[in-house]
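For the sequence shown, our numbering assigns the number 1 to the initial residue and increments by one for each residue that follows.
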Amino acid sequence: MAAPAPGKSSYWVDSTPQTRYPPLEGELDVDVAVLGAGIAGLTLATLLAEEGRRVAVLDSSRVARGVTGYTTAKLTSGHGLIYAELIARFGERGARAYADANQAAIERVRALADRHAIDCDLEQATNYVFAERDEERDRLRDEVDAMQRLGLPATLVEETPLPFPVAGAIRLTGQAQFHPRKYLLPLAEALRSGGHAVLEETRATQVDEGEPCTVTTDRGLVRARDVVLATHLPFLDRGLYFARAHAHRSYALTAAIDADQAPEGMFINVGTPTRSLRTVAAEGRRLLLVGGEGHRPGEETDTDRRYRNLESFLRERFPAAGEITHRWSTQDYLSVDRVPFVGRLTPRSRHVYVATGFGKWGMSNGTAAAIVLADAIAGRENPWADLYDPGRLKPRAAARRFATENASVARHLAAGRLAGLGRGVNDIAAGDGAVVRVGRRQLAVHRDDSGALHVLSARCTHLGCIVSWNAGERSWDCPCHGSRFAVDGRVIQGPAVADLSRAEA
Ligand SMILES: Cc1cc2nc3c(=O)[nH]c(=O)nc-3n(C[C@H](O)[C@H](O)[C@H](O)COP(=O)(O)OP(=O)(O)OC[C@H]3O[C@@H](n4cnc5c(N)ncnc54)[C@H](O)[C@@H]3O)c2cc1C
Ligand code: FES
1 MAAPAPGKSS YWVDSTPQTR YPPLEGELDV DVAVLGAGIA GLTLATLLAE EGRRVAVLDS
61 SRVARGVTGY TTAKLTSGHG LIYAELIARF GERGARAYAD ANQAAIERVR ALADRHAIDC
121 DLEQATNYVF AERDEERDRL RDEVDAMQRL GLPATLVEET PLPFPVAGAI RLTGQAQFHP
181 RKYLLPLAEA LRSGGHAVLE ETRATQVDEG EPCTVTTDRG LVRARDVVLA THLPFLDRGL
241 YFARAHAHRS YALTAAIDAD QAPEGMFINV GTPTRSLRTV AAEGRRLLLV GGEGHRPGEE
301 TDTDRRYRNL ESFLRERFPA AGEITHRWST QDYLSVDRVP FVGRLTPRSR HVYVATGFGK
361 WGMSNGTAAA IVLADAIAGR ENPWADLYDP GRLKPRAAAR RFATENASVA RHLAAGRLAG
421 LGRGVNDIAA GDGAVVRVGR RQLAVHRDDS GALHVLSARC THLGCIVSWN AGERSWDCPC
481 HGSRFAVDGR VIQGPAVADL SRAEA
């Protein structure tokens, strides 16, 4: 009999203890309120605390359980093919700022792990961006030229430690990989023991700028001189970030592998579908992590198929790999020009900041964001601030561009609605879900394994798009800006802050 599929928790979450920080109670006054306890928020809070600021970190869920708990955790400046494009778009100065920021971020992770004596399986690793097809090789050559001009230690090679041939690869030395929760949980604990507030299960719903600023949450109120939205995509619509970045969901799995079969290094291909690989030091044994199969949330209902595709790749390319130990999926936000948004929330903001749009490279970009924002809050110059400045893209122009780009989503949405029209509640099998039309309403209907129906309004509480059923994760996902909701309607991931409302079938 086939072994049962492993649950959908990441190796990072499974191999570390659950945190239990209290929620906010009543009111709190601090120098800086950091909203979101992922890598961006916790790193920033740590840097601010080191400078003597009183900090509160608030998370609607738990520490490092957002995207950061489900990442691949490569710490590299080798972000696929990006530098030739950045030079074309921002000139050599802008592209150099991106390279420098990410290289410095890797060093900052090393320094923080050292300073706090954190054992987070941090390993030096070489990063490879590889091509499997001859026609992709020219793109590698252009990229290596760009990287070398920017001072990155990149070379073009014809072989990699992978057990299959490649047409070429960019080899970037001096990079690293780690366990993100083993790194961040001690930073959160150091904040708490240093007298700072780490607050879980506290959802921020509103930020009013003033002196001080006030953060309204579902638990109480925080007053702070400065507020940072490190909530992944900001839940405030000010600044139209939802129109300047789009969500992209990907999948990962880990399988046991003998140490002598494990390829040494971190790898990502330039073709499609994406295949991202690294190994993981897992309590005395080695795991191989394979990631990829990205798509916009809500555009795929058979998300289990994505895991099957990854497993087929694994079995074909690594026949000696053992059983699948974990599989999971998560999503990140990609800005329209591939550079994150880090800085003042809007051009008029004086004390409200944002860090988002890390483009699936938030381990280094999120750390760089923390450095940029710690400088901004202290009033110091930062050499990367101009590049990351959210004001570089005018929201309205970006919104227009986004609207064009999003025409496919709109089409998909329409198609999804039409597809749903044919289905009635009785057509939904146990474990399944679908959007069905009842009268003039569109309802998100899930039938659980016991046969009971859970009926919600299908209208996303962010801006009203119609959610789609995600069979793999058993969630309702919004194709417009990536909000996700549990089968009981609870928000799993913003920008939505309100739950889907219950309805009657
Ligand atoms: C499949 C995949 C693989 C990846 N692999 C890599 C990699 O190898 N290397 C790399 O550099 N990057 C990688 N990334 C990207 C990286 O993981 C992310 O960019 C990064 O983790 C984002 O960190 P964050 O702190 O911004 O967000 P999060 O970790 O999501 O933290 C945000 C926090 O805010 C909280 N929150 C949300 N709304 C509210 C609210 N209203 N009030 C209070 N709290 C709130 C959430 O609960 C969450 O804990 C990958 C991304 C994906 C999707
Ligand atoms: S996330 Fe914006 S409308 Fe759903």
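Beta carbons are placed, not taken as given, at the ideal position from N, Cα and C, and that holds for glycine.
Coarse secondary structure for residue i, derived from DSSP in three states
i, result
"R133", "coil"
"V144", "helix"
"S457", "strand"
"T231", "coil"
"A37", "coil"
"E107", "helix"
"E158", "coil"
"D14", "helix"
"T46", "helix"
"Y83", "helix"
"R502", "strand"
"I118", "coil"
"Y128", "strand"
"L195", "For the record, residue 195 in the displayed sequence is Gly; it is not Leu. DSSP places G195 in coil when its eight states are reduced to three."
"T68", "helix"
"L152", "coil"
"A419", "At A419, the pLDDT of 45 sits below 50, so the modelled position is not reliable; the number obtained from the coordinates is stated separately. Three-state DSSP puts A419 in a helix."
"R380", "coil"
"I428", "coil"
"L393", "coil"
"A2", "With a pLDDT of 41 at A2, under the threshold of 50, the modelled position of that residue is not reliable, and no figure is offered here."
"A99", "helix"
Paired residues, beta bridge with residue i - DSSP
i, result
"Q493", "R484"
"E27", "L221"
"T356", "F341"
"R437", "Q442"
"H248", "D332"
"W469", "W476"
"T216", "Q206 and L221"
"H351", "Answer is none; H351 lacks a bridge partner."
"R275", "G292"
"K182", "Partner(s): none; K182 has no beta bridge."
"D226", "V32"
"I268", "V129 and S276"
"E123", "Q177"
"H326", "T254"
"V55", "V32"
"K74", "Q177"
Neighbourhood of residue i by C-beta distance below 8 Å, restricted to the same chain and skipping five residues each side
i, result
"G80", "V129, I268 and V270"
"Q493", "G66, H232, Q331, G482, S483 and R484"
"T160", "Y128, F130, V166, A169, R171, P263, G265 and F267"
"A414", "Low per-residue confidence applies at A414: pLDDT is 49, beneath 50, and the placement is therefore not dependable, though the value from the model is reported in the following sentence. No residues qualify anywhere along the chain."
Contacts around residue i, its chain only, beta-carbon distance under 6 Å, and the 5 residues preceding and following it disregarded
i, result
"V455", "L443, V445, A503 and A505"
"T216", "T205 and Q206"
"T202", "P23, L24, L58, T217 and R219"
"T19", "R62 and V63"
"G284", "none"
"A359", "Checking the sequence, you will find Gly at residue 359 rather than Ala. The answer, listed in chain order, is L334 and R338."
"D31", "R53, R54 and R225"
"G431", "D449"
"L86", "A95 and Y98"
"Q261", "A320"
"A498", "T461"
Sub-8 Å separation of residue i and residue j beta-carbons
i, j, result
"L184", "I39", "yes"
"S457", "L500", "yes"
"T68", "M266", "no"
"L334", "A245", "yes"
"P340", "A385", "no"
"A255", "T325", "yes"
"E123", "A281", "yes"
"Y353", "E200", "no"
"P347", "G391", "yes"
"S276", "T126", "no"
"F242", "P495", "yes"
"G195", "S250", "no"
"N102", "S364", "yes"
"A33", "V157", "no"
"L150", "Y83", "yes"
"S349", "E209", "yes"
Nonlocal neighbours in the same chain, by C-beta distance under 7 Å from residue i, ignoring five residues either side
i, result
"H116", "P186, L187 and A190"
"I428", "A434, V445 and R447"
"E473", "K8, T303 and S329"
task: Would you list the residues whose beta-carbon is nearer than 5 Å to any heavy atom of ligand 2, in the order they occur in the chain?
output: C460, H462, L463, C465, C478, C480, H481 and S483
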